[in-house]
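A short write-up of the structure that comes next.
Protein chains in written order, with our numbering: chain L, 498 to 1137; chain V, 498 to 1137.
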């Protein structure tokens, strides 16, 4: 019987030898490979998920590894022992990157001008009442006395009660002289009793706002009694291992069992981020009684386990736009089992709940006089033009370049990402890293700055080619082609050179080109020109701060008065949070979806022309960018 | 290693020897002991449930044996192997007795005079619509097009859809040119989509009416498209092994795990009966989209898994009277997982949903002029007096004697039960057995006939003692005391003498006494006398036909004009069925519960006096029974 076995680790292609019975997580640690695990190998956190690609391992069952995921070849490394030669795929390090911050500044900055209602009046309530004891003369049932008291003390009509709560009702109203805390959720015209707690309540009343993006997912915990954001956690969508964009995920889902896998991965992503958010916020996951999700149409379908295939087959029709309310326990979300899940409604297959929710956190819906443009540059780009009275929308396949996908040096706006770059005339490069420390890569705003800096200082020509002479010692050539050295190996987090390759640049230009050409075409379609826009609201995963000047220099944004631009960050998340806060916002976001006119760009004849023209810095039609044009004299660099 | 082991079977106290590894079901068959099994030992029907009282057996896990039941020591005999000496408790044969009949005659006989609405307009609908295909110009989602079509073709507003149905929506509307069958259930002001079927629909739309009694449970399948009853199945409540009456079940539930056991047994009882009903009706359990349950307050609590302890602690308050709607899948009922379960509401701890539902199937609520008495003599006796404008109710602890419990020769009205008895002057005894064949015992109506016959012909004195001389060769004495031989061993189903013991007689007299004294007291409380009653409606598990003359002779019913009496059979089941049939009935039964005045007999001063006076045949106050009195001359038998 052999005593040692070889294990090859993918995607690193490194092979190591281990004794029979070695724990796989220990083996990975010994091999010096990155794999997260926060439960100390107890099999409960579910973070050390790997896929066994070859060989058979002894895998202990674990509550953190659902059977349907195990069947697909996944295992928790900490629950696995090496008993023969194996090939094991580890998650890409990005899938493990998570950033949690306490609180949020968005509403301190924006609360006065959002469309959504900024009031704390959610559809879930925590109320304390004192239920009178039953007597032989008032022999009303426990439920009846509670309902009566809720109406008498709080004016709420509690018409229904969940089966789970009935089970603890008799005991609850007989403890502590009938002092109970009831959790109610609005359902139709009345309220439904979803939980009972002893008094004083041991639990908080919280909500989870979740922006489920194709690349990144953000979970935010809000206290539903005062509206405070308690914590925000960002991480990669674990579905990334099944494809980088919505189209590849839809294709992936076609094989048997794969739709279930994608649904499980979506839920696992949210559960992992929510767990961290809860820990940061100091609450229990059981305190979360309402979940507000905003995601594009494909992400929403996958979260609900709905076949997304017709989203990419003409005429591109989703199962539903307005999503019926579901219970968290039906989806497998690790929050209070009675929690309701609201998914922001879609307008169509390519304008989803991230956009309808996003609009809530812009002022667009408040004003009938002004006409605004809303740009959400996520993995898919979506645009909305309109005001309180009308809204038109379209989508474009932007690609995830500004969210950290599709480029070698890109990262979402997580800890370790460069969020701002300046290049001096002499070529010195300075940058700011989120959370400080050594850089892991660049997030969207950093990439925009870098690209603009390279263009302005003559490192790039208008077609995005590197000027090899000017780049000098920053020019890198390796097996993957030519690139610009952002930071040397010893000073980078991963100990590898941080390089912006020409391929990365091409991808970034394609992305900005797709967004700009879609703007131009949508305006043309409506019969407006850029200068008729009163405001431009920009959202997306760029990072905390997008430099609008730089975005205009590379031709991502139109060349308008700078004060018309407002960078709002992650509006999808903000919108999901606004839905948590107030019933009116839930009504509003549902109403928005019904009101928007969807324009299919692929059906527009001028589309390819517009797009091709946008594949230059800033554009082939330089007349569209007068503030950039004045620098563009022959033989002269922009920084001269 | 020993090769053979002794197994003692309880309650039979018979011990047999078996080889190691013998299957326990085979062993029971070899021992000639009765145990049902319909799946052929595959472990799927769950009928061969036994309890291992001593020793350890090897038990295979089985889907038909929930883990929580296994932990309590239960096993499926067919999945168990003998590996050491065992003591095994088999269910009492009655627990296995099941009777299934196709159709029901109740409504042919009673449809013109019930209070409930006899129309087929249930809260579940099956509709066929043709969903237009999506196009680039009509890009409404699948759900939207379906909702629009349902409204257009059927006028129904479908506002919600269950998560489970969303998963099959996209495929369903794209097959067969959009022809789909939708199942909708009324929820609040609108309808909820609970299922989709291809066209033509493969399934039926059925409902399950269930009378869950303390002793017997009846399940009835109705076609919800035309209202027809497809089959009716009667069996024992499997909770019987945990106690015969509600008080002993409530006490049983106090120990840890026992409440769960009782809930599981209730669900298993319904599932077993429903499965047989489905088979008889030729439908699938998945075709059942609505369940209407009527049971007393304790049975309803136990079915829902609610702690019943406060039902028997002063001031006797249940968790709830009006039961919130639950889903069948939440309870573990083996019907369509989206099926809604309606439980008929209670008035209080001792007047439950069996009575409110039962009133629907009487004419009491239709008339304001007449005052009627409703008697439901189940394991608990409940009485209602009133009319359309007012209703007063009370309960008495009757005991299960007329339902086959608490007597040695008693049986519910199942196949093999004697339902009618006549005794000639010369002492010849003739009887009719349900389903023909050899008798197993007597059901309520048979016991009433027998008791009255024995009394009228002088075999019993007024205190219920057997006249040993007159009984002659019918007199039996054995270890269990003195009794009257109803049928000799060879002519009885079980091959044992069928005997009515003096103890049985005492029990029957106590039961009839409790009911009669409660009637007298309730009337007194309201200020009425027996002769002011315009009608008496009698319900209960007596059997198909109750001989009113005989019931008056033994003092069970008051001595009024015979035409005032109407024997209605199982009104609880009929009421549950009426709730299935129409939304109005659901509203009506919920309204009844709120309207009834509950009178607590135990708090009445005259209670014990009334009861003691009723412990004679027919009563100590013979003046109350003039039609019986005229026969009661000294030295003269009633049949002289």
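Yeah, the Cβ is synthetic: ideal placement off N, Cα and C, and Gly gets one too.
Please report the residue range of the beta strand (DSSP E) in which residue 511 of chain L lies. Counted from its first residue, the first chain places residue 511 of chain L at position 14. It spans 511-516 - the beta strand (DSSP E) in which residue 511 of chain L sits, taken as one unbroken run.
Write down the C-beta distance between residue 687 of chain V and residue 655 of chain V rounded to the nearest angstrom, noting that I regard them as a contact closer than 8 Å. Numbered from 1 along the second chain, position 190 holds the residue referred to as residue 687 of chain V. Numbered from 1 along the second chain, position 158 holds the residue referred to as residue 655 of chain V. Indeed they touch by this definition, with Cβ atoms about 7 Å apart.
Residue range of the beta strand (DSSP E) that residue 929 of chain L falls in? For the purposes of this step, residue 929 of chain L is identified with residue 432 of the first chain, where counting begins at 1. Its beta strand (DSSP E) spans residues 926-930.
So, helix, strand or coil for residue 888 of chain V, using DSSP? The residue given as residue 888 of chain V occupies position 391 in the second chain. Strand, per DSSP.
When you compare only the Cα positions, how much space is there between residue 1052 of chain L and residue 1010 of chain L? Numbered from its first residue, the first chain carries residue 1052 of chain L at position 555. Numbered from its first residue, the first chain carries residue 1010 of chain L at position 513. Cα-Cα distance, rounded: 7 Å.
Rounded C-alpha distance that separates residue 749 of chain L from residue 578 of chain V: Within the first chain, numbered from 1, the residue matching residue 749 of chain L stands at position 252. Within the second chain, numbered from 1, the residue matching residue 578 of chain V stands at position 81. Each residue's alpha carbon lies about 47 Å from the other.
Look up residue 1223 of chain L in the DSSP assignment and say whether it is helix, strand or coil. The requested residue 1223 of chain L does not occur in the structure, where chain L is confined to residues 498 to 1137.
Secondary structure at residue 775 of chain V, three-state DSSP: helix, strand or coil? For the purposes of this step, residue 775 of chain V is taken as the residue at position 278 of the second chain. Residue 775 of chain V falls in the helix class under three-state DSSP.
Would a check of beta-carbon distances place residue 592 of chain V closer than 7 Å to chain L? Position 95 of the second chain holds residue 592 of chain V. At residue 592 of chain V, the pLDDT of 46 sits below 50, so the modelled position is not reliable; the number obtained from the coordinates is stated separately. So no, residue 592 of chain V is outside the interface.
Those runs of the beta strand (DSSP E) which lie wholly inside the segment 791-849 of chain V and span at least 3 residues: 837-840
Within 7 Å (strictly less), CB to CB, does residue 919 of chain V reach chain L? Mapped onto the second chain, residue 919 of chain V falls at position 422. Not an interface residue.
Cβ of residue 791 of chain V within 7 Å of Cβ of residue 854 of chain V? Counting from one through the second chain, the residue named residue 791 of chain V turns up at place 294. Counting from one through the second chain, the residue named residue 854 of chain V turns up at place 357. Contact flag set, yes.
Just the chain V side, please: which residues come within less than 9 Å of residue 692 of chain L by C-beta, in chain order? By 1-based counting over the first chain, the position of residue 692 of chain L is 195. Correct list: empty, because the minimum Cβ distance to chain V is about 14 Å.
Got a sec? Which residues, its chain only, sit under 7 Å from residue 989 of chain L by beta carbon, not counting five neighbours each side? Counting from 1 along the first chain, the entry for residue 989 of chain L is found at position 492. Counting only Cβ-Cβ distances below 7 Å, and skipping sequence neighbours, we find 935, 936 and 995.
Beta-carbon proximity of residue 677 of chain L to residue 669 of chain L, cut-off 7 Å: Here residue 677 of chain L corresponds to residue number 180 of the first chain, with the count starting at 1. Here residue 669 of chain L corresponds to residue number 172 of the first chain, with the count starting at 1. Yes, the pair counts as a contact, with Cβ atoms nearer than the cut-off.
Where residue 697 of chain V sits in the DSSP three-state scheme: In the second chain, the residue the question calls residue 697 of chain V occupies position 200. In this structure, residue 697 of chain V counts as coil in the three-state DSSP scheme.
Using Cβ-Cβ distances below 9 Å, what residues of the segment 812-823 of chain V are close to chain L? 812, 813, 814, 815, 816, 817, 818, 819, 820, 821, 822 and 823
Per-residue DSSP class, three states only, for residue 692 of chain V: The count along the second chain starts at 1 and reaches residue 692 of chain V at position 195. Residue state, collapsed to three classes: strand.
Since residue 638 of chain V meets chain L, which of its residues come closer than 7 Å, beta carbon to beta carbon? Taking the second chain and counting its residues from 1, the one referred to as residue 638 of chain V is at position 141. Going along chain L in sequence order, the residues near residue 638 of chain V (Cβ under 7 Å) are 814, 815, 816, 817 and 818.
Answer yes or no: do residue 910 of chain V and residue 1040 of chain V have a C-beta to C-beta separation smaller than 7 Å? Position 413 of the second chain, counted from the start, is the residue given in the question as residue 910 of chain V. Position 543 of the second chain, counted from the start, is the residue given in the question as residue 1040 of chain V. In this structure, residue 1040 of chain V lies closer than 7 Å to residue 910 of chain V by Cβ.
Would you say residue 809 of chain V lies against chain L (beta-carbon separation less than 7 Å)? By 1-based counting over the second chain, the position of residue 809 of chain V is 312. For residue 809 of chain V, the answer is no, since every Cβ of chain L falls outside 7 Å of its Cβ.
Span separating the alpha-carbon of residue 906 of chain L from that of residue 975 of chain L: Residue numbering aside, residue 906 of chain L sits at position 409 when the first chain is read from its first letter. Residue numbering aside, residue 975 of chain L sits at position 478 when the first chain is read from its first letter. Residue 906 of chain L and residue 975 of chain L: Cα-Cα distance of roughly 15 Å.
Taking the C-alpha atoms as reference points, what is the distance between residue 820 of chain L and residue 1098 of chain V? The residue given as residue 820 of chain L occupies position 323 in the first chain. The residue given as residue 1098 of chain V occupies position 601 in the second chain. If you take the alpha carbons of residue 820 of chain L and residue 1098 of chain V, they lie about 53 Å apart.
Kindly list, in the order they appear in chain L, the residues whose Cβ is closer than 9 Å to that of residue 648 of chain V. Within the second chain, numbered from 1, the residue matching residue 648 of chain V stands at position 151. Correct list: empty, because the minimum Cβ distance to chain L is about 15 Å.
Please identify the residue among L:1065, L:624 and L:645 whose C-alpha is closest to the C-alpha of residue 694 of chain L. Position 197 of the first chain holds residue 694 of chain L. Of the candidates L:1065, L:624 and L:645, the one whose C-alpha sits nearest the C-alpha of residue 694 of chain L is L:624.
Excluding the 5 residues flanking residue 1119 of chain V on each side, which residues of the same chain have their C-beta closer than 8 Å to its C-beta? Looking up residue 1119 of chain V in the second chain gives position 622. Excluding positions up to five away in sequence, the list reads 1125, 1126 and 1129.
Kindly indicate which three-state DSSP category residue 1074 of chain L falls into: helix, strand or coil? Translated into the one-based positions of the first chain, residue 1074 of chain L becomes position 577. Residue state, collapsed to three classes: helix.
For residue 654 of chain L, return the contacting residues in chain C, with the cut-off set at a CB-CB distance below 8 Å. Protein chains L and V are contained in the structure displayed, whereas chain C is not.
Residues in the same chain with beta-carbon distance under 7 Å from residue 722 of chain L, minus the five sequence neighbours each way, listed in chain order, please. Residue 722 of chain L sits at position 225 when you count from the first residue of the first chain. So the qualifying residues of the chain are 623 and 702.
Euclidean distance between Cα positions of residue 789 of chain L and residue 1086 of chain L: To locate residue 789 of chain L, count along the first chain from 1; it is residue 292. To locate residue 1086 of chain L, count along the first chain from 1; it is residue 589. Between residue 789 of chain L and residue 1086 of chain L, the C-alpha separation is close to 11 Å.
Just verifying my parser: in three-state terms, what is the DSSP assignment at residue 757 of chain L? If you number the first chain from 1, residue 757 of chain L lands on position 260. Helix, per DSSP.
Quick one: give me the first and last residue of the beta strand (DSSP E) that residue 584 of chain L is part of. Against the first chain, residue 584 of chain L aligns to sequence position 87. 583-586 is the span of the beta strand (DSSP E), which, as asked, contains residue 584 of chain L.
When DSSP labels each residue in this structure, what does residue 593 of chain V get in the three-state scheme? To locate residue 593 of chain V, count along the second chain from 1; it is residue 96. Here the model assigns residue 593 of chain V a pLDDT of 48, short of 50, so the residue's position is not dependable, and the following value carries that caveat. Helix.
Give me, in chain order, the residues of the same chain whose beta-carbon lies closer than 8 Å to that of residue 751 of chain V; leave out the 5 immediate sequence neighbours on both sides. By 1-based counting over the second chain, the position of residue 751 of chain V is 254. Taken in chain order, the residues that qualify are 806.
Run of the beta strand (DSSP E) containing residue 1063 of chain V, from where it starts to where it stops: Numbered from its first residue, the second chain carries residue 1063 of chain V at position 566. Segment 1062-1066, the beta strand (DSSP E) holding residue 1063 of chain V.
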